[in-house]
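In what follows, a structure is listed as C-alpha cells, so that the remarks can point back to it.
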Amino acid sequence: HFVRDGHHRVSAARALAIPSLEARVTEILTGVGGSAGLRLTDLPLKSSERLFRERVPLAPEARARVLLDDPEDYSALAENVEAWGFRAMQCRDELLDRPAVAAAWFAEEFESVVALLGEAGLLEADESEAEGYLRLACERWRLLQTWSWDDTVIEQLRSRRRRRRRPPIVP
C-alpha cells in the first residue's frame, strides 16, 4: 500500500500523539509478492526476480522451486534458460514461445539435472536447488565447454569439487 506523503504525516502524527489518521491509500500489486518483513535491501533481489519471471514465465509450482539469493543469479539463470530454449528449438525444428520454453526447461532440464546432481552428491547443503543447478551449469561450461550432462561431465565436476575442498597450503 502507498500513501502520498505518508511517512511525513505519520511522523508528525506520532510527534503530536495522534492515534490515527485519515488517508487515501493506493494498493500496489506487484508481479513479485512482498511480505510484511520486506526490507529496502531486499528490493534489488525482488527486481531481479520480477525480470526473471518475465523472461522465464514458469508455472507457480515450478517457480516455487527456482529460488536464488543473489540478484545477479536471476539474470544468469534467465540467460541459461534462454540459451537452453534456443538449442531446444533448433533440435525440435519448431518455434517455442517463452512459457513453452520455461515449461520444457523446467521439466526436461532442471528437474532431471537437479535429481542427477543430488544423486551424485554435488549439491551443497546450504544452497537451493536453483543455486546448485546454476553453479554447476556454469562450472560445467567453464571447465568442459559442453551443454550435456553425461557421466564424464559428472565425474569432472566431482573431481573439481574434491580439489576445491582441499585445505589451502600455508607456508
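This note's numbering numbers the first residue of the sequence shown as 13 and each following residue consecutively.
C-beta: ideal position from N, C-alpha, C; glycine also.
- prompt: Counting Cβ pairs, one atom from each stretch, are 3 or more of them under 8 Å apart for the stretch 100 to 110 and the stretch 134 to 143?
  reply: no
- request: Would you decide whether residue 37 is buried or exposed? Buried here means 16 or more other CB atoms lie within 10 Å of its CB.
  value: Residue 37 is exposed by the Cβ-count criterion.
field: Anticipated Cβ contact below 8 Å, residue 85 with residue 123, distance rounded
entry: Actually they do not touch by this definition, with Cβ atoms about 19 Å apart.
- request: Report buried or exposed for residue 107, applying the criterion of at least 16 other Cβ atoms within 10 angstroms of its Cβ.
  value: exposed
- prompt: Taking buried to mean at least 16 other C-beta atoms within 10 Å of its own C-beta, is residue 23 buried or exposed?
  reply: exposed
- prompt: Is the stretch 109 to 127 close to the stretch 66 to 80, with three or more CB pairs under 8 Å?
  reply: yes
query: Once you ignore the five residues that flank residue 148 on each side, which residues in its own chain have a CB closer than 7 Å to its CB?
result: 129, 134, 169
query: Hey, how far is the Cα of residue 160 from the Cα of residue 50?
result: About 39 Å.
task: Along the alpha helix (DSSP H) that carries residue 159, what are the first and last residues, could you check?
output: Per DSSP, residue 159 belongs to no alpha helix (DSSP H) and is neither H nor E.
- request: Please list, in chain order, all residues of the same chain as residue 33 whose beta carbon is under 8 Å from its beta carbon, the five residues on each side excluded.
  value: 21, 22, 25
- prompt: Whose C-beta lies closer than 7 Å to the C-beta of residue 158 among residues of the same chain, with five residues either side of it excluded?
  reply: 152, 165
query: On the premise that residue 77 lies in contact with residue 131, defined as a C-beta separation below 8 Å, what is that separation, rounded to the nearest angstrom?
result: Incorrect: roughly 17 Å between the Cβ atoms, too far for contact.
Presumed contact (8 Å Cβ cut-off) between residue 93 and residue 127, rounded CB distance: About 18 Å separates the two Cβ atoms, so there is no contact after all.
message: To test your reading of the DSSP string, which unbroken alpha helix (DSSP H) runs of 4 or more residues are found completely within the stretch 22 to 101?
response: 55 to 67, 72 to 75
field: Straight-line gap, residue 54 to residue 172 (C-alpha atoms, nearest Å)
entry: Counting only the Cα atoms, residue 172 lies some 33 Å from residue 54.
message: Helix, strand or coil for residue 133? Go by DSSP, reduced to three states.
response: Here residue 133 sits in coil by DSSP.
- request: Within the same chain, show all residues whose beta-carbon is closer than 8 Å to that of residue 155, passing over the 5 residues directly before and after it, in chain order.
  value: 168, 169, 172
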